[in-house]
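Numbering (this note's numbering), first residue to last: 281 to 350.
Next up, the structure:
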(Lines of atoms letter the chains of each structure in order from A and count residues from 1; the text may use other names and numbers.)
(Lines give C-alpha, C1' and ligand atoms only; values in the text may rest on other atoms or scores of the structure.)
Protein backbone atom coordinates (compact mmCIF):
# COMPACT_ATOMS: atom_id res chain seq x y z
CA UNK A 1 0.00 0.00 0.00
CA UNK A 2 1.17 3.54 -0.71
CA UNK A 3 1.08 6.18 2.00
CA UNK A 4 3.03 9.17 3.23
CA UNK A 5 5.85 9.02 5.76
CA UNK A 6 4.83 10.58 9.07
CA UNK A 7 8.31 11.81 9.99
CA UNK A 8 11.83 12.17 8.60
CA UNK A 9 13.97 9.04 8.30
CA UNK A 10 17.70 9.03 7.61
CA UNK A 11 19.55 5.98 6.32
CA UNK A 12 23.13 5.04 5.51
CA UNK A 13 24.08 5.21 1.82
CA UNK A 14 25.29 1.89 0.44
CA UNK A 15 23.08 -0.20 2.74
CA UNK A 16 19.48 -1.25 2.12
CA UNK A 17 17.36 -0.75 5.22
CA UNK A 18 14.15 -2.56 6.14
CA UNK A 19 12.15 -0.23 8.37
CA UNK A 20 9.30 -1.61 10.50
CA UNK A 21 6.38 0.81 10.53
CA UNK A 22 2.95 1.36 12.03
CA UNK A 23 0.16 3.15 10.15
CA UNK A 24 -1.65 5.96 11.97
CA UNK A 25 -4.18 8.20 10.23
CA UNK A 26 -2.86 7.12 6.83
CA UNK A 27 0.77 7.96 7.69
CA UNK A 28 3.66 5.52 8.17
CA UNK A 29 5.66 5.89 11.40
CA UNK A 30 8.81 3.98 12.26
CA UNK A 31 8.59 1.62 15.23
CA UNK A 32 12.33 0.85 15.01
CA UNK A 33 14.06 1.00 18.40
CA UNK A 34 17.54 -0.44 17.96
CA UNK A 35 19.22 -3.22 16.08
CA UNK A 36 18.14 -6.57 17.49
CA UNK A 37 15.10 -5.24 19.39
CA UNK A 38 12.39 -7.83 18.75
CA UNK A 39 9.70 -5.47 20.09
CA UNK A 40 10.14 -3.37 16.94
CA UNK A 41 8.85 -6.33 14.94
CA UNK A 42 5.98 -7.09 17.31
CA UNK A 43 4.73 -3.49 17.04
CA UNK A 44 5.07 -3.33 13.24
CA UNK A 45 2.10 -3.46 10.90
CA UNK A 46 4.35 -3.41 7.85
CA UNK A 47 7.76 -2.62 6.41
CA UNK A 48 9.27 0.08 4.21
CA UNK A 49 12.30 -0.92 2.16
CA UNK A 50 14.80 1.95 1.87
CA UNK A 51 17.09 1.38 -1.14
CA UNK A 52 20.87 1.60 -0.74
CA UNK A 53 21.02 4.79 -2.83
CA UNK A 54 18.56 6.71 -0.56
CA UNK A 55 19.79 8.47 2.58
CA UNK A 56 16.68 10.52 3.43
CA UNK A 57 12.92 10.07 3.41
CA UNK A 58 11.29 13.31 4.44
CA UNK A 59 7.99 13.78 6.26
CA UNK A 60 5.23 13.62 3.65
CA UNK A 61 7.22 11.62 1.09
CA UNK A 62 5.32 8.76 -0.56
CA UNK A 63 6.50 5.31 0.49
CA UNK A 64 5.45 1.76 -0.33
CA UNK A 65 4.44 -0.15 2.80
CA UNK A 66 4.44 -3.94 2.66
CA UNK A 67 1.75 -4.86 5.17
CA UNK A 68 2.16 -7.89 7.43
CA UNK A 69 -1.16 -7.50 9.23
CA UNK A 70 -4.47 -5.71 8.75
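Using N, Cα and C, we set each Cβ at its ideal position, and we do this for glycine too.
Which of helix, strand or coil DSSP assigns to residue i
i, result
"residue 322", "helix"
"residue 336", "strand"
"residue 290", "strand"
Per DSSP, cross-strand counterpart(s) of residue i
i, result
"residue 301", "310 and 326"
"residue 344", "282"
Close Cβ partners of residue i (< 8 angstroms) along its chain, the five nearest in sequence each way excluded
i, result
"residue 331", "296"
"residue 329", "296, 297, 298, 299, 344 and 346"
"residue 327", "298, 299, 300, 301, 345, 346 and 348"
Residues of its chain near residue i, where Cβ-Cβ distance is below 7 angstroms and the 5 sequence neighbours each way are ignored
i, result
"residue 324", "300, 301, 302, 311 and 348"
"residue 294", "332"
Beta-carbon proximity of residue i to residue j, cut-off 8 angstroms
i, j, result
"residue 308", "residue 343", "yes"
Same chain, Cβ closer than 6 angstroms to residue i, five either side skipped, listed in chain order
i, result
"residue 337", "285 and 289"
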